[in-house]
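Only one structure is covered here, and it is reproduced in the block below.
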Amino acid sequence: MRRNLRRFFRNPLTWPALVVLLALVVAAVFAPQLATHQPNRQDFLAILQPPSAEHWLGTDELGRDIYTRVLYGARISVTVALLAVGLGGLTGVLIGLFAGFFGGATDNVLMRIIDVLLAFPGILLAILIASTMGAGLTSIIVAVAAYSVPTFARIMRSSVLAVKSREFVEAARAAGSRNFNIMVRHIFLNSFTPVLVYATLLMGSAILTAAALSFLGVGINPPTAEWGAMISAGRSFMRQAPHIILGPGVAIFLTVLSFNILGDALRDTLDPKR
Amino acid sequence: MYSYIANRLLYAVFVVLGVLTLVFLAMHLTPGDPVDMLIPAEGGGGGSRELAAQLRARYGLDQPLYVQYVKYVTNAFQLDLGNSIRTGRPVLEDLKRLYPATFELTVASLLVATILGAGAGILAALKRNGIVDNIVMTLALMGVSLPGFLLGLLLMLVFALQLGWLPPSGRVGGFGWDGIRHLILPATTLGVAAAAIIARLVRSAMLDVLSEDYVRTARAKGLSERIVVLRHALKNALIPIVTVLGLEFGGLLSGAIIAETIFAWPGLGRYLISGITGKDFPTVQGAVIAISATFVLVNLVVDLIYTALDPRVQYQ
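The listed protein sequences derive, respectively, from chains A and B.
Counting in numbering that gives the first Met the number 0, the first sequence runs from 0 upward without gaps.
Counting in numbering that gives the first Met the number 0, the second sequence runs from 0 upward without gaps.
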């Protein structure tokens, strides 16, 4: 464990990534205390103002403070990243675990359903789900979760297939352990590493997908402060005021970059063969 | 081999049917229908209620769901995808008109991704742990972390609106200079993230192959580095690269939705989004079938390319 931690922190980018993510969590939790203005307060005397001492990241097309809205936007991104990856991970892991463990008809049926979901390329499934459920945080979470289920299921299934023929599983079976016990205590715990690595990498991707859904108009609706929606609303004014898309854009970029750095570092630590 | 292809094609039909079923249920089981979008229920009076009922009857929306489903699937197998409820045009005609634009954009972005990604990945592997490797891998990490829509807007801001070098939107079509100028920004927007993924994968595939005995033997024979890399290493690293290209094609096909929205590219993505927001069932179903069928077929083609790349791969 200590060796793994040392290897994890040996990556020079790990610390900066952790600092950025810590700042993201602090911003999300303490947004009301850290904000300099109300997130939805419009000031028509101060529209499209460049960054200044009064408005650190400038103002948008309705005179709202971009710094404040970026802070509040962090709440949505953190919520989506944690809940969507958690929900998608749980569903995918259960499907993969059952398919891999029981094999036969169970595996066939579950994996054919996964094949259908995989035939929805990229963001398409998320768009369909978000649009049919209607705009809002819940639909974004479900949409991003659904988009990640097939890959979680595939990863878990292949890990289970690799682990289930190992001696310790045979030994547990010979000792009279029940299926549920074997699945949870022996197979699940020994197949979890690739899932954990993928979940970390997916956090960044979940934030990107959520922002893209809002950008396309099927995610979070105005006036809620959400990074993708802020960029979408600001794009008509970016020629006069480029700062309008840069604030939320840099926030998305740094957050996703940090999750990707941590995911890579975790993979290098837990799966050094790759 | 032929029976393998026939089996895979049959399987592809079932997968696309599954996708269609899922989309059909998602669109029909959620509240509201296209007629609600065309004629608001509130405040329209008896006349508009009558008109809504007539429209529902015309498009079969008043029939039980299973009847609508069976009718749609039966017609779809005869290449009749119905008419758009908002425009009244046949969906198949719309797809014929819009699909080439999306396909052109996807292929162009795959080209950008392959040239940038494979080139950078090979360079990074050859200069392992050196400064070039570090720069390439840092850029690749940044590339996968940059939202496509932000990159698209920044490229438009700099190259179209500020410098005026390239057009900010629209499609001309064809392979003339004007057509290519219109294609550069959307294809780059779409291709950069895929290039970053390809660069990381090509580097790791090349590193695996470069440590193989046959590469050492090729070098020991005195072959030039160019021949060792291109003929011995790259050729053997192609299987994982082709796999990821196939997968990326699907991602690019759906990612085109964002590039098309930013650059007003008249393709399937914008058609799909407008269909979704207007709850235009036939439009959404038709566009999703076209996209997922392409994705499934590309994956089949990728599997078949394996046999050409590595004769040891045999399909039964």
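Yeah, the Cβ is synthetic: ideal placement off N, Cα and C, and Gly gets one too.
(Q) Just verifying my parser: in three-state terms, what is the DSSP assignment at residue 82(B)? (A) strand
**Q.** Cutoff 7 Å: residue 259(A) Cβ touching any chain B Cβ
**A.** yes
Q. Taking all protein chains shown into account, do 16 or more other C-beta atoms lie within 10 angstroms of the C-beta of residue 20(B), making it buried, or fewer, making it exposed?
A. exposed
Q. Whose C-alpha, out of 158(A), 83(A), 31(A) and 111(A), is nearest the C-alpha of residue 143(A)?
A. 83(A)
Q | Sequence-distant residues of the same chain with beta carbon closer than 6 Å to residue 106(A), five excluded per side | A | 98
Q.
I'd like to know whether the C-beta of residue 18(A) is nearer than 7 Å to at least one C-beta of chain B.
A. no
(Q) Could you check whether the stretch 138-155 of chain B touches the stretch 204-215 of chain B, counting it as contact only if at least three pairs of C-beta atoms, one from each stretch, sit closer than 8 Å? (A) no
**Q.** the stretch 220-241 of chain A: positions lying closer than 7 Å to chain B by Cβ
**A.** 230, 234, 237, 238 and 241
Q | Interface flag, residue 135(B) vs chain A, CB-CB below 7 Å | A | no
Q: Could you confirm whether any beta carbon from chain A is found closer than 7 Å to the beta carbon of residue 25(B)?
A: yes
Q) What's the gap between the Cα of residue 171(A) and the Cα of residue 194(A)? A) 23 Å
Q) Is the stretch 173-182 of chain B close to the stretch 120-139 of chain B, with three or more CB pairs under 8 Å? A) no
Q.
Against chain A, does residue 275(B) count as a neighbour if the rule is that its beta carbon must be under 7 Å from one of theirs?
A. yes
Q) Leaving out five residues before and five after residue 72(A) in sequence, what residues of the same chain have Cβ atoms less than 8 Å from its Cβ? A) 224, 225, 226, 229, 247 and 250
**Q.** Coarse secondary structure for residue 132(B), derived from DSSP in three states
**A.** helix
Q: Determine, using beta carbons only, whether residue 173(B) comes closer than 7 Å to chain C.
A: The chain labelled as chain C is not found among the protein chains of the depicted structure, namely A and B.
**Q.** Where the alpha helix (DSSP H) containing residue 8(A) begins and where it ends
**A.** 1-9
Q: Answer with buried or exposed for residue 259(A), where buried requires no fewer than 16 other C-beta atoms within 10 angstroms of its C-beta.
A: buried
Q: Count the C-beta pairs between the stretch 198-206 of chain B and the stretch 118-129 of chain B that are closer than 8 Å, then say yes if the count reaches three, no if not.
A: yes
Q. What does residue 260(B) touch in chain A if you count any residue whose Cβ is under 7 Å from its own?
A. 215
(Q) Measuring CB atoms only, is the stretch 284-303 of chain B touching the stretch 262-271 of chain B, in the sense that at least three cross pairs come out at less than 8 Å? (A) yes
**Q.** Nearest-angstrom Cα separation, counted from residue 185(A) out to residue 166(A)
**A.** 11 Å
Q. How should residue 0(A) be labelled, buried or exposed, when 16 other C-beta atoms within 10 angstroms of its C-beta is the threshold for buried?
A. exposed
Q) So, helix, strand or coil for residue 29(B), using DSSP? A) coil
(Q) Going by the DSSP bridge assignment, what does residue 320(B) pair with across the sheet? (A) Residue 320(B) cannot be examined here, being either before or after the span of chain B that is shown, 0 to 315.
Q: Give a yes or no on whether the minimum CB-CB distance between residue 17(B) and chain A is below 7 Å.
A: yes
(Q) Classify residue 264(B): buried if its beta carbon has 16 or more other beta carbons within 10 angstroms, exposed otherwise. (A) buried
Q: Could you tell me whether any Cβ in chain B is nearer than 7 Å to the Cβ of residue 56(A)?
A: no
**Q.** Own chain residues within Cβ distance below 8 Å of residue 349(B), not counting five before or after
**A.** Lying before the first or after the last residue shown, residue 349(B) is absent from chain B, which here runs from 0 to 315.
**Q.** Nearest neighbour of residue 28(B), chosen from 131(A), 177(A), 208(A) and 156(A) [CA to CA]
**A.** 131(A)
Q | CB contact below 7 Å: residue 301(B) versus chain A | A | no
**Q.** Residue closest to residue 208(A), alpha-carbon to alpha-carbon, out of 21(A), 58(A), 23(A) and 77(A)
**A.** 77(A)
Q | Under 8 Å by beta carbon: chain A residues contacting residue 148(B) | A | 210, 211, 214, 227, 230 and 231
Q | Contiguous alpha helix (DSSP H) assignments of at least 4 residues, all confined to the stretch 212-295 of chain B | A | 212-219, 237-262 and 267-276
Q) What does DSSP give as the partner residues of residue 90(A) in its beta bridges? A) The partner list for residue 90(A) (beta bridge, DSSP) is empty, contrary to what the question assumes.
Q: Step through the CB atoms of chain B and report whether any lies within less than 7 Å of the CB of residue 186(A).
A: no
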